[in-house]
Ligand SMILES: Cc1cc2nc3c(=O)[nH]c(=O)nc-3n(C[C@H](O)[C@H](O)[C@H](O)COP(=O)(O)OP(=O)(O)OC[C@H]3O[C@@H](n4cnc5c(N)ncnc54)[C@H](O)[C@@H]3O)c2cc1C
């Protein structure tokens, strides 16, 4: 089956196709077993060709951005992992509107905003990842959230491109409802005119804030748990006495208790065991149930 699938992919897809690609290479936690196929379509048309093969063969698939919010289990991901890294268009549309491909990195977008004198998404520059990932997670910081600035999303679903205006989307804190298998291809953002100097200085301010508060020194995926209503997850974890606790190579950061770090050689199983322990102890000691913000995918 995988040889047939490989042949079909080679025949129809122009972009890069890797086989048995370790997901540890594509996640900031540096853990995760192999993807059967890791495919980077050359452009939007190529993505449609890829999806025709994938759906035509009933192959499972998963879209990855920068892998900054992902824990991939040790047996990896069956089927096709799709990277949109080459859907990287950045286009000014006039009237403070821009069109951004899902594969653009948040850093690239930040640079573009400075050059174009467009304000309103400065907070995104310091959040690691791609614009596709930021939209899918409704990433946010410093009071801003990605979807608040969206005018329209273009998604690919069951072979058709859909245009979805912001008022048609269901979204909230670190959440956007997408249909099963729906892929974000690009977004149009509506921003505000600003001066390059002011935009750049806000970006610098946010970067400096992070450098001071999140310098945990080891591979991590940012905040591991969502903040429960009205309370910071890090405080619950710290109050439960879990700072520094380790399972195998996975540790609760000593510096930021809601960051779990890979001290070297950690497996996904280590992170899962540590996660279970944190949830148990926080529940027992505070009565609060923590929920993961990091997406956990792949085979156990
Ligand atoms: C040091 C550090 C600090 C962080 N700080 C913040 C912060 O301040 N605020 C915050 O919100 N997050 C933060 N994060 C988490 C992370 O950076 C964000 O969630 C980011 O938006 C993830 O983007 P990504 O491209 O890496 O997505 P990935 O981690 O690759 O994917 C995340 C999810 O989005 C889905 N996805 C990705 N692209 C698409 C697409 N095109 N279509 C459909 N689904 C897609 C994936 O399937 C997956 O379910 C931090 C992480 C780190 C490591």
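Numbering (the numbering used here), first residue to last: 78 to 377.
Here a beta-carbon is modelled for each residue, glycine too, at the ideal position from N, C-alpha and C.
* Going straight from the alpha carbon of residue 128 to that of residue 233, what length do you get? -> Rounded to whole angstroms, the separation of the alpha carbons of residue 233 and residue 128 is 9 Å.
* Asked: CA-CA distance, residue 229 and residue 202?
  -> The alpha-carbon atoms of residue 229 and residue 202 are separated by roughly 20 Å.
* Which residues bound the alpha helix (DSSP H) around residue 378? -> No answer is possible for residue 378: it lies beyond the span of the chain, which begins at 78 and ends at 377.
* Asked: So, helix, strand or coil for residue 211, using DSSP?
  -> Secondary structure of residue 211 (DSSP, three-state): helix.
* Asked: According to DSSP, what are the bridge partners of residue 112?
  -> Beta-bridge annotation (DSSP): residue 112 is paired with 98, 154.
* Among 316, 308, 355, the one whose alpha carbon lies nearest that of residue 327 -> Nearest of 316, 308, 355 to residue 327, Cα basis: 355.
* **Test item: CB-CB of residue 109 and residue 146 under 8 Å** => Not closer than 8 Å, so no.
* Along the beta strand (DSSP E) that carries residue 348, what are the first and last residues, could you check? => Premise fails: residue 348 lies in the alpha helix (DSSP H), 345-363, not in any beta strand (DSSP E).
* To do: Give the secondary structure of residue 191 by DSSP, where H, G and I count as helix, E and B as strand, and everything else as coil.
  => Reduced to three states, the DSSP call for residue 191 is helix.
* Could you check which residue in 298, 271, 351 has the C-alpha nearest to that of residue 319? => Measuring from the Cα of residue 319, the nearest candidate turns out to be 351.
* To do: Count the other CB atoms, across all protein chains shown, that sit within 10 Å of the CB of residue 111; report buried if there are 16 or more and exposed otherwise.
  => Buried.
* To do: Ignoring anything shorter than 4 residues or poking outside the segment 197-263, list the alpha helix (DSSP H) runs there in chain order.
  => Complete alpha helix (DSSP H) runs here, min 4: 208-214.
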